[in-house]
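Step one of this worksheet: look at the structure below.
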Amino acid sequence: LMRVIEQLEGVALPLPVWEGAVFPARVRGYQPAILDELLASGDVVWAGEKTAGTKAKDPGRIAFHPADSELLNNTAVAEAAGQRSDDAHDDDTAGDTAPDDDAGQALESVRMLPDAILHVLAAGGAFRAERLAELVRAAWRPDTESVDPETGEIRPAAWSNSQFEDALWSLVWQGAVTNSSLTPVRAMASAVSSHATRSVSVGRTRRRARVAVQMPVLMQGLWSAVPTVTATAEQRSLAQVEILLDRYGIIAPPLIDVEDVPGGFSALYPVLRRMEEHGTLVRGMFVQGFGAAQFARRDTVDQLRHAGEGHSRSCVAIEVMDPANLTGAAVAWPQYGGTANKPLRRAGGMVVLDHGNPVVYAAVKGHHLTTFTDDGDTLRRAFAELAYALQRRPSGSVTFADLNGEPLTARTEAARILHAAGFTPCPQGMKLYR
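The opening residue of the sequence shown carries number 52 in the numbering used here; numbering runs sequentially from there.
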């Protein structure tokens with residue numbers, strides 16, 4: 052599993068895709084406990100990523116990193132650490148000029164709740180949610196205040212556990228905060244309510260009975276800042292190049308666009324050119340459609356030359372978001388006929404590849420099938436592989452209502468091929484029972 056994480060470092064996918072498709076396809080007998088062990092030992096760190104417009108407690112995407120990776124660069128916490136250093140310097144130089152000032156008084160940088168969380172985590176350490184909340188509450192100096200209508204007294208903004216949780220999760224999906232466990236993310240992915248709790252007996256004193264403390268599932272584990280590994284910009288670029296070569300074999304602009312590398316291909320080009328000058332890489336047009344600026348190691352070029360030799364024509368079905376599937380990302384979808392729904396790279400979808408070429412797209416949640424070939428023999432092998440892959444999934448039965456926009460309720464050749472692959476006719480179309 053560690054080898055897979057090294058090869059796919061920085062790829063952000065929904066956790067169910069990682070644990071339901073990507074890891075099981077590469078690690079024989081994969082179980083979540085294997086990943087939990089790597090996280091608990093500190094060998095692996097996960098970081099969140101989320102698109103704009105979604106709520107803090109909605110599940111986002113997860114990327115994994117070896118803990119010593121030079122790609123780990125948490126700028127948000129680095130800025131907070133710098134502010135802490137400035138604050139400490141100001142306190143040291145103030146002397147006796149402000150003896151009545153609260154030693155823990157926060158400055159402008161911690162007036163916002165997320166900034167207060169970063170302010171605490173920048174000092175290092177990992178905290179349970181309740182302890183982190185205590186420290187953040189002590190450091191937080193809210194911008195908003197209210198006036199008591201009866202006394203005219205100015206009252207600070209009230210603390211809210213819900214606001215604290217939202218602020219913490221917003222930092223998670225910004226890639227600034229992580230957790231020692233994936234239990235909270237699994238709870239999100241399973242649509243477990245944030246109010247779901249577990250009871251923990253806590254001893255108080257001999258005079259007080261033992262009480263049950265309710266800890267929200269989404270707040271379990273130890274919270275800490277995503278670490279930053281000290282490295283120069285050139286070292287980070289070199290590390291990025293090595294990872295991409297390990298993942299794809301070649302580096303080309305379309306692949307960099309898929310990876311969303313900071314600065315794009317132009318940021319890596321100086322490193323690639325120096326590696327070419329030293330003979331580490333060679334430049335050429337190895338993959339059609341990827342342009343002339345392609346780089347690879349010499350042994351990779353030899354493998355590409357013999358890629359079609361000695362391989363059977365077997366099909367393989369993979370999750371459409373699997374990094375091994377470049378269709379719909381670096382490579383365009385093939386032309387498809389009829390009134391078929393547009394193929395999309397969405398979680399839950401599957402694509403069947405025949406010698407690397409997409410021949411079937413399955414929108415599992417949308418109940419649509421799209422084919423990119425009319426060859427009956429290819430479709431028989433593709434649908435058989437699709438059925439096998441779907442049966443290995445932890446979810447239940449799967450139904451497809453149409454193929455290329457045509458209802459599967461009719462007795463067509465495609466329906467007969469699906470039936471032979473293990474699908475059963477039903478009022479909605481063709482159903483695969485598990």
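The beta carbon of each residue, even a glycine, is placed where N, CA and C say it ideally should be.
Using only the alpha-carbon positions, how far apart do D453 and A383 sit? Whole-angstrom Cα-Cα distance: 23 Å.
Roughly how many angstroms lie between the CA atoms of T279 and P117, to the nearest whole one? Separation of T279 and P117 (C-alpha to C-alpha, rounded to the nearest whole angstrom) is 12 Å.
Once the 5 residues before and after D94 are set aside, which same chain residues still bring their CB inside 8 Å of it? Excluding positions up to five away in sequence, the list reads M53, P117 and A118.
Quick check on K106: buried or exposed, where buried means 16 or more other Cβ atoms within 10 Å of its Cβ? Counting Cβ neighbours within 10 Å, K106 comes out exposed, since fewer than 16 surround it.
With a cut-off of 8 Å on the beta carbons, I'd call A368 and V403 a contact; round off their distance for me. The beta carbons of A368 and V403 sit about 5 Å from each other, so the pair counts as a contact at 8 Å.
Assign L183 to one of three DSSP states: helix, strand, or coil. L183 sits in a helix when the DSSP states are folded into three classes.
7 Å Cβ cutoff met for G480 and F451: Yes, the pair counts as a contact, with Cβ atoms nearer than the cut-off.
Give every residue of the same chain whose Cβ lies closer than 6 Å to the Cβ of I301, excluding the five residues on either side of it in the sequence, and list them in chain order. The beta carbon of I301 is closer than 6 Å to those of F337, Q345 and A347 in its chain, skipping five residues each way along the sequence.
Taking Cβ to Cβ, would you say L169 is nearer than 7 Å to W274? Not a contact, by the Cβ cut-off of 7 Å.
In three-state DSSP terms, what is F346? The DSSP-derived three-state label of F346 is strand.
Whole angstroms is fine: what's the gap from G473's alpha carbon to L437's? C-alpha separation (whole angstroms): 10 Å.
At the level of alpha carbons, what is the spacing between G315 and G399? Put simply, the backbone Cα of G315 is about 29 Å away from that of G399.
Just to confirm my understanding: we take F178, look at its own chain, exclude 5 residues before and 5 after, and list those with CB closer than 6 Å. What are they? Counting only Cβ-Cβ distances below 6 Å, and skipping sequence neighbours, we find W274.
Are the beta-carbon atoms of V449 and V415 separated by less than 7 Å? V415 is positioned such that its CB atom lies closer than 7 Å to that of V449.
Buried or exposed for E70, please, with buried defined as at least 16 other CB atoms from any protein chain shown within 10 angstroms of its CB. E70 should be labelled buried.
Is the beta carbon of V277 closer than 7 Å to that of V322? Contact: no.
Would you list the residues sitting across from R112 in a DSSP beta bridge? Answer by DSSP bridge pairing, in chain order: P65 and E100.
Check for me: the beta strand (DSSP E) holding S275 runs from which residue to which? Per DSSP, S275 belongs to the beta strand (DSSP E) from W274 to A276.
Are the beta-carbon atoms belonging to V62 and P304 less than 7 Å from one another? Against a cut-off of 7 Å, the Cβ pair of P304 and V62 comes out as no contact.
Can E238 and L219 be called in contact, C-beta distance under 7 Å? The question names Glu, but residue 238 in the sequence shown is Ala. Contact flag unset, no.
Is DSSP giving M163 helix, strand or coil here? Reduced to three states, the DSSP call for M163 is coil.
Counting only the same chain and skipping the five closest in sequence on each side, list residues whose C-beta sits under 8 Å from that of A240. Here the set comprises P65, L66, P67 and P110.
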